[in-house]
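S.K.: One structure, pasted below without further comment.
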Amino acid sequence: MRHGDKINNLGRTHSHRKALMNNMACSLIEHKRIFTTLAKAKALRTYVEPIITKSKDDTTHSRRTVFASLRNKEVVSMLFKDVATKVAERNGGYTRIIKTGNRQGDAAEMALIELVDFNDIYSNGKAATTEKAKTTRRSRAKKTTDAKGSAESKAEGAE
28 MRHGDKINNL GRTHSHRKAL MNNMACSLIE HKRIFTTLAK AKALRTYVEP
78 IITKSKDDTT HSRRTVFASL RNKEVVSMLF KDVATKVAER NGGYTRIIKT
128 GNRQGDAAEM ALIELVDFND IYSNGKAATT EKAKTTRRSR AKKTTDAKGS
178 AESKAEGAE
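Residue numbers for the sequence shown follow this note's numbering, so the first one is 28 and each next one is one higher.
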């Protein structure tokens with residue numbers, strides 16, 4: 028029985044699942060987006076986000092712990108140079124999963140998983156909205172000019 032077991036085993040043994048997550052994480056970091064099944068994408072998100080969080084602190088210890096998970100020297104250096112600098116101010120949520128429908132052969136739910144800060148379509152729109160958000164706080168409109176104008180019109184109407 029699987030009481031309280033929240034991990035999705037994906038129909039694989041522990042070693043096979045570990046190798047699968049390792050390879051998919053390396054592909055995601057290298058290509059910035061991959062196309063896979065929805066179940067694998069959700070499992071990959073829980074695997075890769077703590078690794079990206081560790082990469083934000085560029086120390087020897089964090090490099091070694093990330094390398095223990097990924098086992099690819101080029102991908103680890105790419106993670107610490109490119110990815111970590113872009114996600115430095117982000118507090119999590121480094122990946123986005125977009126459902127793309129069902130696969131033709133077996134009708135498996137497919138999804139696109141991508142690193143959020145590397146999508147140019149969403150990044151440009153987001154940068155424009157953050158610039159507009161830096162306006163001053165609105166204050167209540169002053170009624171002195173309106174009150175004088177309306178008071179003068181009332182005085183003229185009374186005469």
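Using N, Cα and C, we set each Cβ at its ideal position, and we do this for glycine too.
Run through the DSSP bridge pairs and tell me what Met63 is partnered with.
M.R.: The count along the sequence shown starts at 1 and reaches residue 63 at position 36. It should be noted that the sequence gives Thr, not Met, for residue 63. Paired residues: Ala138.
S.K.: Which word fits Lys100, buried or exposed, when buried means at least 16 other C-beta atoms lie within 10 angstroms of its C-beta?
M.R.: The count along the sequence shown starts at 1 and reaches residue 100 at position 73. It is exposed - the Cβ of Lys100 has fewer than 16 other Cβ atoms within 10 Å.
S.K.: Using only CA atoms, which one of Gly38, Glu116 and Lys45 lies nearest to Lys83?
M.R.: Position 56 of the sequence shown, counting from 1, holds the residue named residue 83. Nearest C-alpha to Lys83: Glu116.
S.K.: What residue from His43, Arg29, Phe107 and Ile125 has the CA that sits closest to Ile78's CA?
M.R.: Taking the first residue of the sequence shown as position 1, residue 78 is located at position 51. With distances taken between Cα atoms, Ile78 lies closest to Phe107.
S.K.: Where do the N-terminal and C-terminal ends of the beta strand (DSSP E) with Asn35 fall, by residue?
M.R.: Here residue 35 refers to the residue found at position 8 of the sequence shown. No beta strand (DSSP E) holds Asn35; DSSP gives it neither H nor E.
S.K.: Since Asp85 and Lys113 are thought to touch, with beta carbons under 8 angstroms apart, how far apart are those beta carbons, to the nearest angstrom?
M.R.: Start at 1 with the first residue of the sequence shown, and residue 85 comes out as number 58. Start at 1 with the first residue of the sequence shown, and residue 113 comes out as number 86. Contact flag wrong, Cβ pair sits at about 14 angstroms.
S.K.: Where Ala138 and Thr87 are concerned, what is the direct C-alpha to C-alpha distance, given to the nearest angstrom?
M.R.: Within the sequence shown, the letter at position 111 stands for residue 138. Within the sequence shown, the letter at position 60 stands for residue 87. The alpha-carbon atoms of Ala138 and Thr87 are separated by roughly 35 angstroms.
S.K.: Could you say which of Ser89, Glu141 and Arg165 lies nearest to Leu55 if we only look at CA atoms?
M.R.: Within the sequence shown, residue 55 is the residue found at index 28, counting from 1. Residue Glu141 is the option with its Cα nearest to Leu55.
S.K.: What does DSSP give as the partner residue(s) for Ile79 in the beta ladder?
M.R.: The residue given as residue 79 occupies position 52 in the sequence shown. Ile79 is not bridged to any residue.
S.K.: Contact defined as beta carbons within less than 8 angstroms: I believe Met105 pairs with Tyr74. What is the distance between those atoms, to the nearest angstrom?
M.R.: By 1-based counting over the sequence shown, the position of residue 105 is 78. By 1-based counting over the sequence shown, the position of residue 74 is 47. Not a contact, Cβ separation roughly 17 angstroms.
S.K.: Nearest CA to the CA of His58: which residue from Val110, His41 and Arg29?
M.R.: For this step, residue 58 is matched to residue 31 along the sequence shown. Minimum Cα distance to His58 is reached at Val110.
S.K.: For Thr122, report the span of its alpha helix (DSSP H) as first-last.
M.R.: For this step, residue 122 is matched to residue 95 along the sequence shown. That residue, Thr122, is in no alpha helix (DSSP H); its beta strand (DSSP E) goes Thr122 to Asn129.
S.K.: Around the Cβ of Tyr149, are there at least 16 other Cβ atoms within 10 angstroms (buried) or fewer (exposed)?
M.R.: Here residue 149 refers to the residue found at position 122 of the sequence shown. Per the 10 Å Cβ criterion, exposed.
S.K.: On the CB-based measure, 16 or more other CB atoms within 10 Å of its CB, does Lys33 come out buried or exposed?
M.R.: The residue given as residue 33 occupies position 6 in the sequence shown. With fewer than 16 other Cβ atoms within 10 Å, it is exposed.
S.K.: Please state the DSSP three-state secondary structure of Arg167.
M.R.: Within the sequence shown, numbered from 1, the residue matching residue 167 stands at position 140. Arg167: coil per DSSP, three-state reduction.
S.K.: Under the three-state reduction of DSSP, which class applies to Asn49: helix, strand or coil?
M.R.: Start at 1 with the first residue of the sequence shown, and residue 49 comes out as number 22. Three-state DSSP puts Asn49 in a helix.
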